[in-house]
Ligand code: 3PG
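Numbering (my numbering), first residue to last: 14 to 319.
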């Protein structure tokens, strides 16, 4: 039976570990676990005899793939797969998959919490503002923003989205208004929530051309990837727009500077927290295990991304 390695620098919740183990045991697949590792060499050693690999944000680069001589499949338990070098995986004959949608509710809940946290002045005891009646604009309309749209509408927000791949009709079914241009996101939103992957096209795409358009007291929420922000433009937005706020799930490179200069208008999680719930870990982890079993048993490549 194929040997599965679960390598998670940021471990799954205990209940997820138990359920992933049960899934693999039921199918008779041997498994080993490398959690909270601090040296990638440990990852390289552990992956040497694995035929299948489950990861989270762990980097699967050429060094890992070179070390993984038996590897047939890597499943990213989560949505974003910018941590896998897809070209090298393909060259090594390794199938890469993600588990789309499995942790989306958790990420959407964090985005909502972050909006409220900033609207209430990071709980500083002073008067803040409410979300009801405000405009929320979603940059991207995949799984996470769909959950967030539902929550925001429940609160009484007016929800808009821009996604060049999704039609106005589809958005209208969720009660979301369609925006035509990327610039409209930045002109329209009292709150702007980013839900784009980190790709060659999107890296640093949130630049000054866009940030210069935001409303004076806009709150920008980033539960996507820190790389999509042009950090020079971000700093300029803080300098020029005295009420602009930014909240991010993981610290940008300029995080220390932002904290020093604008602590009341900036917050970032020290470690990526979006998918850090027991429920999301169970959903994504068990889905990853099932996808590996279906791949070996039936040749199922449904969630292949390379
Ligand atoms: C994702 O892309 O699914 C999220 O960013 C979650 O990442 P994590 O598994 O490292 O928490």
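Ideal placement from N, C-alpha and C gives every residue a C-beta, glycine not left out.
- In this structure, the beta-carbon distance from residue 22 to residue 50 falls below 8 Å.
- If you look at residue 180, you'll find it isn't in any beta strand (DSSP E); DSSP assigns it neither H nor E.
- Taken from the Cβ of residue 69, at least one heavy atom of the ligand 3PG lies inside 7 Å.
- Around the beta-carbon of residue 236, 16 or more other beta-carbon atoms lie within 10 Å, marking it buried.
- For residue 66, the closest C-alpha among the options 287, 130, 20, 249 is that of 20.
- Rounded to the nearest angstrom, the Cβ distance from residue 172 to residue 188 is 7 Å, consistent with a contact under 8 Å.
- Remark: the C-beta of residue 155 is outside contact range of the ligand 3PG, defined as less than 7 Å to any heavy atom.
- For residue 171, the uninterrupted beta strand (DSSP E) run begins and ends at 171-175, by DSSP.
- Beta-carbon to beta-carbon, residue 112 and residue 297 are separated by about 5 Å, close enough to satisfy the 8 Å threshold.
- Around the beta carbon of residue 31, fewer than 16 other beta carbons lie within 10 angstroms, which makes this residue exposed.
- With a cutoff of 8 Å on beta-carbon distance, residue 258 and residue 278 are scored as near each other.
- Distance check between residue 266 and each of 223, 156, 243 places 243 closest, using alpha-carbon atoms only.
- For the ligand 3PG, a non-hydrogen atom lies closer than 7 Å to the CB of residue 116.
- For residue 81, the CB stays at least 7 Å from every heavy atom of the ligand 3PG.
- Residue state for residue 14 is assigned as coil, using DSSP reduced to three classes.
- With 16 or more other Cβ atoms from the protein chains shown falling within 10 Å of its own Cβ, residue 132 counts as buried.
- Looking at 40, 45, 92, 75, the one whose alpha-carbon comes closest to that of residue 211 is 92.
- No residue range can be given for residue 288, since it is assigned to no beta strand (DSSP E) and is classified by DSSP as neither H nor E.
- Contact between residue 87 and residue 107 holds, since their C-beta atoms are separated by about 6 Å, short of 8 Å.
- Between the beta-carbon of residue 301 and that of residue 90 there is about 4 Å, and that keeps the pair under the 8 Å contact cut.
- The criterion of a C-beta distance shorter than 8 Å is satisfied by residue 152 and residue 206.
- In this structure, the C-beta of residue 32 stays at least 7 Å away from each heavy atom of the ligand 3PG.
- Rounded to whole angstroms, the separation of the alpha carbons of residue 304 and residue 41 is 15 Å.
- Sorting 97, 48, 44 by C-alpha distance to the C-alpha of residue 318 places 97 at the top.
- Contact between the stretch 114-127 and the stretch 75-84 is absent: fewer than three C-beta pairs spanning the two stretches fall below 8 Å.
- Contact between residue 192 and residue 150 holds: their C-beta atoms lie close to 7 Å from each other, under 8 Å.
- For residue 275, the enclosing alpha helix (DSSP H) covers residues 268-275.
- As a beta-bridge residue in DSSP terms, residue 205 pairs with 150, 233.
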